[in-house]
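Novice: Offset between the sequence shown (1-based) and this note's numbering: plus 122.
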Amino acid sequence: WRAAPPRRLVGNPTGAGDSAVAGLLSGLVEGAPWPDRLARAVALSAAAVRAPVAGEFDRATYEELLGRVEVTEGPAA
Numbered sequence: 123w124r125a126a127p128p129r130r131l132v133g134n135p136t137g138a139g140d141s142a143v144a145g146l147l148s149g150l151v152e153g154a155p156w157p158d159r160l161a162r163a164v165a166l167s168a169a170a171v172r173a174p175v176a177g178e179f180d181r182a183t184y185e186e187l188l189g190r191v192e193v194t195e196g197p198a199a
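1) Are the Cβ atoms of V164 and A125 separated by less than 7 angstroms?
2) Beta-carbon separation of V65 and P155 under 7 angstroms?
3) Per DSSP, which residues does V193 bridge with? Please list them.
4) Use the C-beta contact count for R162: other C-beta atoms within 10 angstroms, 16 or more gives buried, fewer gives exposed.
5) What span of residues does the alpha helix (DSSP H) with A168 cover, start to end?
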């Protein structure tokens with residue numbers, strides 16, 4: 123699988139990895155399929171990068187990005 127944000131983002135990457143893990147785990151807890159989990163991870167991570175303060179995110183930014191994350195399935199390993 124591969125997931126990518128709709129555009130290159132500029133901002134503070136502090137906390138982006140933690141946000142990605144949070145997105146993956148929220149999808150896992152809810153039983154979401156892998157594409158949805160990955161989309162959440164990328165959107166939440168990107169929203170965290172865009173936030174002016176590390177460790178925060180704007181929900182509207184997250185939701186806007188979530189609908190635009192491109193998730194594709196790659197070849198089997």
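A virtual CB, placed ideally from N, CA and C, is assigned to each residue, including glycine.
On a predicted model such as this, the values are computed, not experimentally measured, just so you know.
Specialist: Considering the structure as presented:
1) In contact: V164 and A125 (Cβ atoms closer than 7 angstroms).
2) Because the chain is modelled from 123 through 199, residue 65 falls outside the range shown and cannot be assessed.
3) Its beta-bridge partners are A125.
4) The residue is buried, with at least 16 neighbouring Cβ atoms inside 10 Å.
5) Residues W156 to R172.
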